[in-house]
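Asks: Below you'll find the structure I mean.
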Amino acid sequence: MLFICIPLHCYPALGDPLISSWYTQKSGQYARIFEDKESMLAGQSVVTWNRGQGIQNQPVYAGVQEIAHSSEWLYIKTTGLGFHTMGPWYFDEAKTQAFGNFPANTASIYRFPRKVLIPQDKSSTSAGVIGYFVDGIAMFDSTDTFSYDTSQGVDQTPVSAANGDGVWNRDAYINEGVTFDNANAHQAGSLHHYHANPPALRYALEDSVQFDAGSNAYIEKFNGNHSPIIGWVRDGLPIYGPYGFDDPKPGSDDMKVRRMVSGYQLRDGSNGSSDLTQTGRKSLPKWVEHLDGRSTTITSAEFGPAVDARIDGETYTLGRYFEDYTYKGDLGLTLGTDFDLNEYNVRFTRTPEYP
2 MLFICIPLHC
12 YPALGDPLIS
22 SWYTQKSGQY
32 ARIFEDKESM
42 LAGQSVVTWN
52 RGQGIQNQPV
62 YAGVQEIAHS
72 SEWLYIKTTG
82 LGFHTMGPWY
92 FDEAKTQAFG
102 NFPANTASIY
112 RFPRKVLIPQ
122 DKSSTSAGVI
132 GYFVDGIAMF
142 DSTDTFSYDT
152 SQGVDQTPVS
162 AANGDGVWNR
172 DAYINEGVTF
182 DNANAHQAGS
192 LHHYHANPPA
202 LRYALEDSVQ
212 FDAGSNAYIE
222 KFNGNHSPII
232 GWVRDGLPIY
242 GPYGFDDPKP
252 GSDDMKVRRM
262 VSGYQLRDGS
272 NGSSDLTQTG
282 RKSLPKWVEH
292 LDGRSTTITS
302 AEFGPAVDAR
312 IDGETYTLGR
322 YFEDYTYKGD
332 LGLTLGTDFD
342 LNEYNVRFTR
352 TPEYP
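Residue numbers for the sequence shown follow the numbering used here, so the first one is 2 and each next one is one higher.
In structure tokens:
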């Protein structure tokens, strides 16, 4: 779990974190990948590669290569490739079917506003890049853009010609996670990106992640420290790792740090939520009304699959779709007491950068 921070005041502790937080210590290092599981276990990485749309015939530097700013905007130029050794990528848990594309240098230029305004009317994120992590890797939102097709009785996927009904929308981490490398990243075409928690970046930033070089594995282990800024969304707001101050009030001298508690939970009957295992996926959670402008009432032509249904060799478990979750605030629980993050996964809080 990651969270977006909205500072309770706009006076950073030192300088402008939007300028200073980019991880450039290894910007003179070539990007590297493991081409397959055998090379990963042998520790044999390469600096040139070719598969699908990911063609890198010459070595290229990793991460953010240029930072510039005006009074209004912060600009970065990035190759979009990680400082950690990326890969390998597969389509299946057994790691027998190689993923279709390697990543490649995108030479991307992106800008962020230096003056953040929180709009009264919110808009949904679009497919593709919605920001960048501080290692220069693209940030995608949590969806894989596909959904359940009730008339066909199956999820539409990247290999099909359709996207689905748009009613039961798939969580990329759950549905595409098998294609992620150990850093939780993969490619759309040659565009390397994260959808979720980036443990390799958090390890580099000393954010409660350890690394086992022998297995190329990242392990969560809380070190007692507040998470750093790990990325920036296109609206200019920072994203932090999962650990924050217990007391969010500005100026507080309470330095207790703990893992933030999500505002969402499964619709599993707990806390008075509906139990989709019992009722079936025949209604939508209340958050779709105020976030998406949709009704919670749906017709039989929009019903989702039964929880734990086996379809084409897959189990459609609870949590597969965003609509499998409900917002705790809609269950009578209290933001700031029972959970920390609001319906946008945002916390209004102090941080080390914005005390």
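Note that the Cβ used here is the ideal one computed from N, Cα and C, for glycine as well.
1. Apart from the five residues on each side of it in sequence, which residues of its chain come closer than 8 Å, Cβ to Cβ, to V262?
2. I'd like the span of the beta strand (DSSP E) that includes R260, first residue to last.
3. So does R260 have its beta carbon nearer than 6 Å to some heavy atom of the ligand GTP?
4. Assign N58 to one of two classes, buried (16 or more other C-beta atoms within 10 Å of its C-beta) or exposed (fewer than that).
5. Rounded to whole angstroms, what's the CA-CA distance from F323 to T316? Just pull it up for me.
6. What is the rounded straight-line gap between the Cα of P104 and the Cα of T86?
7. So, using beta-carbon positions, are F141 and H196 closer together than 7 Å?
8. For the stretch 107-123 against the stretch 165-176, do three or more pairs of beta-carbon atoms, one drawn from each stretch, fall closer than 8 Å, so that the two count as touching?
9. For R33 and A218, what's the separation of their Cα atoms in angstroms?
10. One question on the structure: do S271 and T327 come within less than 7 Å of each other, judged by their Cβ atoms?
11. Please report the straight-line C-alpha distance between D331 and A310, rounded to a whole angstrom.
12. Based on Cα-Cα distance, which residue from T146, L192, G137 lies nearest to A63?
13. How many whole angstroms separate the CB atoms of R235 and F113, which I take to be in contact at a CB cut-off of 8 Å?
14. Buried or exposed: where does E39 fall if 16 or more other Cβ atoms within 10 Å of its Cβ makes it buried?
15. DSSP state of H291, grouped into three classes?
16. What first and last residue would you give for the alpha helix (DSSP H) that runs through Q59?
17. In angstroms, rounded to a whole number, what distance separates the CA positions of G44 and T158?
18. So the candidates are D166, V308, A108; which of them puts its Cα closest to the Cα of V61?
19. Tell me which same chain residues have a C-beta within less than 7 Å of the C-beta of A69, skipping the five on either side of it?
20. Can you check DSSP and say which residues form a bridge with K78?
21. Within the same chain, show all residues whose beta-carbon is closer than 6 Å to that of P306, passing over the 5 residues directly before and after it, in chain order.
22. If P249 and T350 are in contact, beta carbons under 8 Å, what's the gap, nearest whole angstrom?
23. Based on Cα-Cα distance, which residue from N346, R321, K222, K283 lies nearest to S148?
24. Under 8 Å, with one C-beta from each stretch per pair, do the stretch 221-240 and the stretch 290-306 reach the 3-pair mark?
25. Please go through the same chain and pick out, in chain order, the residues whose beta-carbon is closer than 7 Å to the beta-carbon of P200, but skip the five residues on each side of it.
26. Buried or exposed: V48, going by 16 or more other Cβ atoms within 10 Å of its Cβ?
27. Specify the secondary structure class of G232 as computed by DSSP and reduced to three states.
28. Hey, D213 and W90: beta-carbon distance below 7 Å or not?
29. Measure from the alpha carbon of E36 to the alpha carbon of each residue in N102, D269, Y111, T151, then state which is nearest.
30. Given a cut-off of 7 Å, decide if A128 and T151 are closer than it, judged by their beta-carbon atoms.
31. For D17, is the classification buried or exposed, using 16 other Cβ atoms within 10 angstroms of its Cβ as the cut-off for buried?
32. Going by CA-CA distance only, name the one from I240, L192, G190 that's closest to D208.
33. Using beta-carbon positions only, say whether L267 and L319 come within less than 7 Å of one another.
34. Pick out the complete beta strand (DSSP E) segments inside the stretch 124-154, 3 residues or longer, and give them in chain order.
35. Shortest alpha-carbon distance to H291 belongs to which of E73, S125, P243?
36. State the Cα-Cα distance for the pair S21 and E354, rounded to the nearest angstrom.
Replies: Walking through what the data contain:
1. The beta carbon of V262 sits closer than 8 Å to the beta carbons of D339, F340, D341, L342 from its chain, once the five residues preceding and following it are set aside; these are given in chain order.
2. For R260, the enclosing beta strand (DSSP E) starts and ends at 258-260.
3. Although the ligand GTP was asked about, the structure shown includes no ligands whatsoever.
4. It is exposed - the Cβ of N58 has fewer than 16 other Cβ atoms within 10 Å.
5. For F323 and T316, the distance between alpha carbons rounds to 16 Å.
6. Cα-Cα distance, rounded: 12 Å.
7. In this structure, H196 lies closer than 7 Å to F141 by Cβ.
8. No, because fewer than three Cβ pairs between the stretch 107-123 and the stretch 165-176 fall closer than 8 Å, the two stretches do not touch.
9. Their Cα atoms are separated by approximately 16 Å.
10. The answer is no: Cβ separation not under 7 Å.
11. Each residue's CA atom was taken as its position, placing D331 and A310 some 28 Å apart.
12. The candidate whose alpha carbon is nearest that of A63 is G137.
13. Confirmed, Cβ separation roughly 7 Å.
14. Classification of E39: exposed, given that the 10 Å Cβ count is below 16.
15. DSSP, reduced to helix, strand and coil, places H291 within a helical segment of the structure shown.
16. Taken as a continuous stretch (DSSP letters only), Q59 belongs to no alpha helix (DSSP H), as it is neither H nor E.
17. If you take the alpha carbons of G44 and T158, they lie about 33 Å apart.
18. Ranking the options by Cα distance to V61, first place goes to A108.
19. If we look at A69 and ignore the five residues flanking it on each side, its Cβ neighbours are Y76.
20. In the DSSP output, where bridge partners are listed per residue, K78 has E67, I110.
21. Non-local beta-carbon contacts of P306 in its own chain, meaning distances under 6 Å to residues more than five positions away in sequence, involve Y317 in chain order.
22. Their Cβ separation, rounded to whole angstroms, is 4 Å, which keeps P249 and T350 in contact under 8 Å.
23. Ranking N346, R321, K222, K283 by Cα distance to S148 puts R321 first.
24. By the criterion of at least three beta-carbon pairs nearer than 8 Å, the stretch 221-240 is not in contact with the stretch 290-306.
25. Answer for P200: A184, N185, V210, Y219, listed in chain order.
26. With fewer than 16 Cβ atoms within 10 Å of its Cβ, V48 is classed as exposed.
27. In the three-state DSSP reduction, G232 falls in the strand class (E or B).
28. In this structure, W90 does not lie closer than 7 Å to D213 by Cβ.
29. Comparing Cα-Cα distances from E36 to each of N102, D269, Y111, T151, the minimum goes to N102.
30. With contacts defined as CB atoms closer than 7 Å, T151 and A128 fail to qualify as a contacting pair.
31. Looking at its Cβ environment, which holds fewer than 16 other Cβ atoms inside 10 Å, D17 is exposed.
32. Residue I240 is the option with its Cα nearest to D208.
33. In this structure, L319 lies closer than 7 Å to L267 by Cβ.
34. You should have 132-134, 144-150.
35. The shortest Cα separation from H291 among E73, S125, P243 belongs to S125.
36. Within the model, the alpha-carbon separation for S21 versus E354 is close to 10 Å.
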